[in-house]
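Below you'll find the structure, written out as C-alpha cells, and then a few comments.
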Amino acid sequence: MKDGKQLRVRFATHGAALKVKNISTWVSNELLEAAFSVYGEVERAVVIVDDRGKSVGEGIVEYARKQSAQMAIKRCTDGCYLLTSSPRPVVVEPLEQRDEEDGLPEKNFQKGNKDYLKEREIGPRLTEPGTFEHEFANRWKKLYELEQQKRDHLEKEIEEGRRQLDEQMEYAIYEHEANLLRERLRLMEEQSSMIQREREIRREEELRREESRRTEEMLLRQQQEEILRSNLRRRQEENMMMGGPPGYGERMDRDSTMRGMQKQDPMSPSRGMGGPGYGPNGMIMQEPGMGMPPHQGRFDQPPMGAGYPPGGDPMVDMGVPPPGPGPRGGMHGPMPPHDRMDEKYQMDAKRRRY
Numbered sequence: 001m002k003d004g005k006q007l008r009v010r011f012a013t014h015g016a017a018l019k020v021k022n023i024s025t026w027v028s029n030e031l032l033e034a035a036f037s038v039y040g041e042v043e044r045a046v047v048i049v050d051d052r053g054k055s056v057g058e059g060i061v062e063y064a065r066k067q068s069a070q071m072a073i074k075r076c077t078d079g080c081y082l083l084t085s086s087p088r089p090v091v092v093e094p095l096e097q098r099d100e101e102d103g104l105p106e107k108n109f110q111k112g113n114k115d116y117l118k119e120r121e122i123g124p125r126l127t128e129p130g131t132f133e134h135e136f137a138n139r140w141k142k143l144y145e146l147e148q149q150k151r152d153h154l155e156k157e158i159e160e161g162r163r164q165l166d167e168q169m170e171y172a173i174y175e176h177e178a179n180l181l182r183e184r185l186r187l188m189e190e191q192s193s194m195i196q197r198e199r200e201i202r203r204e205e206e207l208r209r210e211e212s213r214r215t216e217e218m219l220l221r222q223q224q225e226e227i228l229r230s231n232l233r234r235r236q237e238e239n240m241m242m243g244g245p246p247g248y249g250e251r252m253d254r255d256s257t258m259r260g261m262q263k264q265d266p267m268s269p270s271r272g273m274g275g276p277g278y279g280p281n282g283m284i285m286q287e288p289g290m291g292m293p294p295h296q297g298r299f300d301q302p303p304m305g306a307g308y309p310p311g312g313d314p315m316v317d318m319g320v321p322p323p324g325p326g327p328r329g330g331m332h333g334p335m336p337p338h339d340r341m342d343e344k345y346q347m348d349a350k351r352r353r354y
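In terms of full-length UniProt numbering, the sequence shown is residues 1 to 354.
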C-alpha cells in the first residue's frame, strides 16, 4: 500500500522474446539458437515439447536486445526463412506473455463494480432439468460441441492440405533433380560429340597432310625420273655424235647420275621405290637401245684393222695387246679366234661382276 493505493507487482513482459511456429520435428534447441543468432545475440532458444518429449512444432527465442527481435520478425515476414532442407518456412511473431505462476487473486477485483456484483449474485451450482438455466446451458454446450467439430474438421482440412503440399513438394524435388541430371547428361553428350568431332577433324587433317605429302613425293619422283631420262637421252645422243663405244657413256652417265641423286634426295629411287623406269628393287630398267651393247656372235667379228671407230682400237680398250713389238721386244701376231673368244668371255664376266 502506498498513499492508500494498492501496488501490484508482476513480471515484466520480455519485449525481445519471439514465438517460432511450423518448426520441423528434427529441429533442436541448438539448431534453433544457431539459426536465429544471425540477427543478434540470443539469450535463450527452446523448442516446446509435449509430455512425451515430442516437438509440438513451436519454439521460443529470446534476444538480448529488442532491435534484434524486430529485425528477425521483419526478415522472416518479408522473406521465407528455412531451417532444414525442407522448403517449409517458419512463422515468427512476438511472444504472448502469460502468467501461470500467481494467476488472478480475489484481491485484484474491484468489489464495487456492477458486473462483478451481477456475476457474483449466485455462486457455483448444477442446473436442474426443466429449468430456464438448464435449457440455455444445454444450448451453450451444443454450440461448444459444434465449434469443436468445426475446429476438428478445419484441422483435418489443414492437415490434408499440408499432406498434399508435402507430396507435391517431394514430386517437385524429384522432378527438379531429374531435370538437373538430364541437363547434366545432355551437356556430357554435347561435350562427347564435340570431342568426337574434333578427333574426326584432326584425323581428316592428318589424312589430307599425308595425301599431300605423298602427292609431293610422287611429283618429285616423277621430276627426278624425267631429269634422269633426259640426261640419259642427252648422253646417248652425245655418244652417238662423238662416235664413242656404244653404251659406255650411258653407263658412266647412269652411275654419276645415281650417285648425285643419292646425295641430294634421301627418298631417291635407289631406296627401293618403284616407278616408271625402275625395277621392283629400285634398279634402273634398261630401255631398248640403252645400256650394254648387244653381244656379238662368233662370226660377227669385224676384220682386223677395219671399221675401228675414231676413238681407237676396241681390242686395245678391252686389254688385248695390239700386233707389233711387245714389252720385251718380241712381236705379237694376230690372236687366234678361240683366244679372242676366251678374252671376250673373261671381260664379260668382269663386267657382270662389277
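All C-beta atoms in this analysis are idealised placements derived from N, C-alpha and C, irrespective of residue type, glycine included.
Please read these numbers as outputs of a predicted model, since none were measured by experiment.
For SER193, the uninterrupted alpha helix (DSSP H) segment begins and ends at 132 to 242. Of the residues VAL38, LYS19, PHE36, VAL49, the one whose Cα lies closest to the Cα of TRP26 is VAL49. For LYS111, the three-state secondary structure derived from DSSP is coil.
Under the three-state reduction of DSSP, ARG44 is assigned to strand. Spanning the alpha carbons of VAL90 and GLY57 requires a straight line of approximately 10 Å. Distance between MET169 and VAL47, taken at the CA atoms: about 25 Å. In this structure, SER55 is the residue among ASP3, THR127, SER55 with its C-alpha nearest to the C-alpha of ASN22.
When C-alpha distances from GLY59 are compared across LYS19, VAL42, LYS141, the shortest belongs to LYS19. The C-alpha of GLU198 is placed about 10 Å away from the C-alpha of GLU205. The DSSP-derived three-state label of ALA72 is helix. Minimum Cα-Cα distance from GLU93 among the listed residues ALA69, SER193, GLU183 corresponds to ALA69. Note on TYR63: 16 or more other CB atoms within 10 angstroms of its CB, so buried under the neighbour-count rule.
Our two residues, SER212 and ARG221, have alpha carbons roughly 14 Å apart in a direct line.
Around PHE36, the same chain offers VAL42, ALA45, VAL61, ALA72 as residues with beta carbons nearer than 7 Å, after the five sequence neighbours per side are excluded. Per DSSP, LEU31 has no beta bridge partner at all.
For TYR63, the enclosing beta strand (DSSP E) starts and ends at 55 to 63. Take LYS66, set aside five residues on each side of it, and the residues of its chain with a beta-carbon closer than 7 Å to its own are GLY15, ALA16, in chain order. At a Cβ-Cβ threshold of 7 Å, SER24 and THR84 count as neighbours. Residue range 91 to 94 is occupied by the beta strand (DSSP E) that includes PRO94.
Taking the Cα positions, GLY112 is about 12 Å away from GLU119. The three-state reading of DSSP puts LEU18 in strand, counting E and B together. In the DSSP assignment, the residues bridged to VAL49 are SER55. Minimum Cα-Cα distance from TYR174 among the listed residues SER86, ARG234, ASP152, MET194 corresponds to SER86.
By the criterion of a C-beta distance shorter than 6 Å, GLU96 is surrounded by no residue of its chain, once the five residues flanking it on both sides are discounted. In the three-state reduction of the DSSP assignment, LEU117 falls in the helix class, which pools H, G and I. Taking a contact as a CB-CB distance under 8 Å, the pair ARG75 and TYR39 counts as one, their CB atoms being some 7 Å apart.
SER86 sits in coil when the DSSP states are folded into three classes, being neither helix nor strand.
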